[in-house]
Amino acid sequence: MYWTILYIVVYLVFNRLLTDASKVRLVDGKSFHENGVDIYEGRLQVFFYNEWGNVCDDEFTQRSAKVVCGMLGFYGNAIAIANTYKNGNKRIVLDNVKCNGREKDIMNCQHQGWGTHDCSHEEDIGVRCEQTWRLSKSTEGFVEIHIIDSYIPVCNTNYSGKKICQSLGLVESNKIVGVVPATSKTRRFVDISCTGEEQILSQCTRTIIKYGVCENGLSAFKCLTQKLTNGTTSYNGRLEIYHEGRKGSVCDDGFGDNEASVVCRYLGLSWNGRFSYEFKDWTEGSNYLLDDIDCTGREANILSCKHTSWNSHNCDQKHREDVGIQCLPDEITLTLEGGNNENEGIAQILLGKQRTNICSLGFEREDAFVFCRELNNDCRNVIVVSGTQYSSSTEYIYQEAFHCNGSEAKIINCPRYSIKCPSDSKVAVVCDPTLPSVTLEVPSPLIVNEPVNLTCTATGGSPSPNIWWNCCNNNNRTYVIQSENQIKSVLEIIPSRRCNAATCTCFVHHTETTFPEIQKAEQLVIYYPVRDDLNVTAPILTEHQSSILTCEVSDGNPLPDIWWTCSGIPYDNVTSVVTHNSSSSTLYLTPTVDYHNKTCTCIGRQFNTTFEDISEPTVLHVLCEFLQCVGYL
């Protein structure tokens, strides 16, 4: 019985060692791609019995490294690295590992047993794994992975074309040529699942499909060996080429427009190209890879042209001879941006979907005529203005200047030359300038000390005019409201007494034109309350004799209406008169002794205002005609 139980225990332990799958990983290392090969290396760690541990380098060879790399999904070269990834922080769990290279799991190789060793961390082993990838047709086609002795197509993956091209040592490209279904009873495929966080394609999870179906088909990518870099747009810049995983510049010896056109077509622009001398002083270039390139202009790729052998040149090492290229369309689209109408704005060329501003350097009226006529055949007059007057959605500048004589039908037909134009040097054009209509809005009347806005509106017209004011107090604040086809200048004022009857003038003018200045003016009407007292004239009255009391004021706007009222006594008549600068009222009465010490009041009121009434009471004094009324005095 004892031996039976012991046999079962030993069998179960060894069976687990032989059948349980372990995991491996490489830590504290690096992953990168070089010449179409993914490289992944680091300190080897094995996971078994719920524990990660290091491996000792005793007897660890390339065959053991091959097993490790196979477990990680790498089927290329495998290299054991000693003395590089030592001093790990995990305990050593395997020693004297000896594999024949065909094992599927490192635990199936010979070793001392889990946790048994005579090593220090100075002997921690590292492993380098390599995996070769390619496109089926050199720089384009289906992605293929090299496994053992053949290349196997890779099913469509979410790994970007940009990273695929980079991993092959080519210029990044996201261009997918197409996706085709893939089914085969005789051919294997590799299915890949990526998270997008992988540094190299080989870190994606891979599954070999034997004679099955790629559910998402096969993706065909196109990678480039050339690109334009450091340009102001994607259509110009220094030429950079890639060869055998290295990138470098091209020397300008023998380089001209034919060669530039070949590059532009290769980049998929299908346009003519121009060799740009302005890029020669750009020093961002790397080593020169090609020199003395000679093309007929009909080649599909500049590498098909005559040239010196790779890395052979006699050019300035400070990269003052780097080739720069401006790709030019056979036909271009012109547009204006930022104007108040379709006839004005920043002059732009559309390169594909990219807006590029035309440079103001050297742009003359003749160039503007051709530009405007191409936009509108009926254009009869033009103005070239500063681009700072308009807003632009792009800072890109077209790095060529035009030299038109004014008779060309299209601006692309004008002579051109390369320039280096700052991004703030954009030009604006007004095609068929016109005068705007101007209106002035001035509320009337204004109330003293109550803030109010005066508005001057210019509608239509090209280019957009400048607007300014001359009003009683030139320290008043102004601001502009601009909308499509209309500009409003708003003047904020606080009316004062001294500004009543002053004239406020709005001036509208196109500074870049010979158009006459437009002026609109309004006289201010400002209401203010009476500040002075009423001036009352009231003599001593005599009984039974006709008498006159007067009241007058020459202050306030509007001048107040004035009248008299008497308390408890009759009067003959009241007359009121308002002139342009004063207001008065006259009281006519024939007093008796009963009028003595009675009160008559002069009242002033500024109608149609909220100002308070003004008043001036007067006590009457009456002299008696006979002695018996002396007591009244």
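Be aware that the sequence shown starts at 1, since it is given in UniProt numbering, and climbs by one per residue. Glycine included, C-beta positions come from ideal geometry on N, C-alpha and C.
How big is the Cα-Cα spacing for residue 637 and Val429? Any answer about residue 637 is impossible in this case: the structure gives the chain only from 1 up to 633.
DSSP state of His307, grouped into three classes? coil
Which runs of the beta strand (DSSP E) at least 3 residues long sit entirely within the UniProt domain "Ig-like" (529 to 615)? Give them in chain order. 535 to 537, 547 to 553, 561 to 566, 573 to 578, 583 to 589 and 599 to 605
Is it buried or exposed, Gln226, if we count other Cβ atoms within 10 angstroms and call 16 or more buried? buried
Could you tell me which uninterrupted alpha helix (DSSP H) segments, each at least 4 residues in length, are contained entirely in the UniProt domain "SRCR" (334 to 432), listed from first to last along the chain? 365 to 375
Who pairs with Ser138 in a beta bridge, going by DSSP? Leu135
So which of Ser261, Leu94 and Leu303 has the shortest CA-CA distance to Thr139? Leu303
Quick one: Cα of Asn287 to Cα of Val382, how far? 48 Å
Which word fits Val361, buried or exposed, when buried means at least 16 other C-beta atoms lie within 10 angstroms of its C-beta? A small fix is needed here, since residue 361 is Leu in this sequence, not Val. Exposed is the call here.
Counting only the same chain and skipping the five closest in sequence on each side, list residues whose C-beta sits under 7 Å from that of Asn466. His509 and Thr511
Could you name each continuous alpha helix (DSSP H) segment of 4 residues or more that falls completely within the UniProt domain "Ig-like" (436 to 519), going from the start of the chain to the end? none
Reduced DSSP secondary structure (H/G/I, E/B, other) of Ser150: strand
Applying the 10 Å Cβ sphere with the 16-neighbour rule, what's the burial state of Lys23? exposed
Local Cβ density within 10 Å of His111, reported as buried at 16 or more and exposed below that: buried
Please list the segments of the beta strand (DSSP E) lying wholly inside the UniProt domain "SRCR" (24 to 130), counting only runs of 3 or more residues, in order along the chain. 37 to 48, 51 to 55, 78 to 81 and 92 to 94
Bridge partners of Cys240, per DSSP? Going by the sequence as given, residue 240 is Glu instead of Cys. BP columns for Glu240 point to Lys227 and Ser249.
Measuring alpha carbon to alpha carbon, tell me which residue in Thr505, Arg531 and Tyr528 is nearest Gln519. Thr505
Look at the alpha carbon of Gln131 and the alpha carbon of Asp38, and state the distance between them as a whole number of angstroms. 5 Å
So, Ile562 versus Gly604, is the Cβ gap smaller than 7 Å? yes
Under a CB-based cut-off of 7 Å, is Asn535 close to chain B? Chain labels in this structure do not include chain B; a single protein chain is all it has.
So, for Pro529: in the same chain, excluding its five sequence neighbours on each side, which residues have a beta-carbon less than 8 Å away from its beta-carbon? Val448, Gly556, Gln606, Thr609, Phe611 and Glu612
In the DSSP output, what is Arg274 paired with across the bridge? Gln326
Unbroken beta strand (DSSP E) run spanning Asp191, endpoints: Phe189 to Ser193
Rounded to a whole number of angstroms, what is the C-alpha to C-alpha distance between Val630 and Glu543? Annotation note: pLDDT 47 at Val630 (below 50); position unreliable, coordinate value reported separately. Near 12 Å, if we compare the C-alpha coordinates of Glu543 and Val630.
By DSSP's criteria, Arg206 is part of a beta bridge. Which residues make up the other side? Ile192
What residues are listed by DSSP as bridge partners for Val622? Leu541
DSSP state of Leu269, grouped into three classes? coil
Nearest neighbour of Asp424, chosen from Thr394, Ala409, Ala401 and Ser584 [CA to CA]: Thr394
What is the DSSP secondary structure of residue 635, counted as helix, strand or coil? The displayed coordinates of the chain run from 1 to 633. Any statement about residue 635 would go beyond what the structure contains.
Excluding five sequence neighbours on each side, which residues of the same chain lie with their C-beta closer than 6 Å to the C-beta of Gly406? Glu366 and Phe369
Beta-carbon separation (whole angstroms), Val171 vs Cys223, contact threshold 8 Å: 6 Å
Give every residue of the same chain whose Cβ lies closer than 8 Å to the Cβ of Glu484, excluding the five residues on either side of it in the sequence, and list them in chain order. Asn340 and Asn341
DSSP has Ile526 in a bridge; who is on the other side? Leu446
Could you please give me the residues that DSSP links to Tyr288 through a beta bridge? Ser249
My understanding is that Asp57 touches Ala82, with C-beta atoms under 8 Å, so please give their C-beta distance in whole angstroms. 5 Å
Does Ala521 come out as helix, strand or coil in the three-state DSSP assignment? strand
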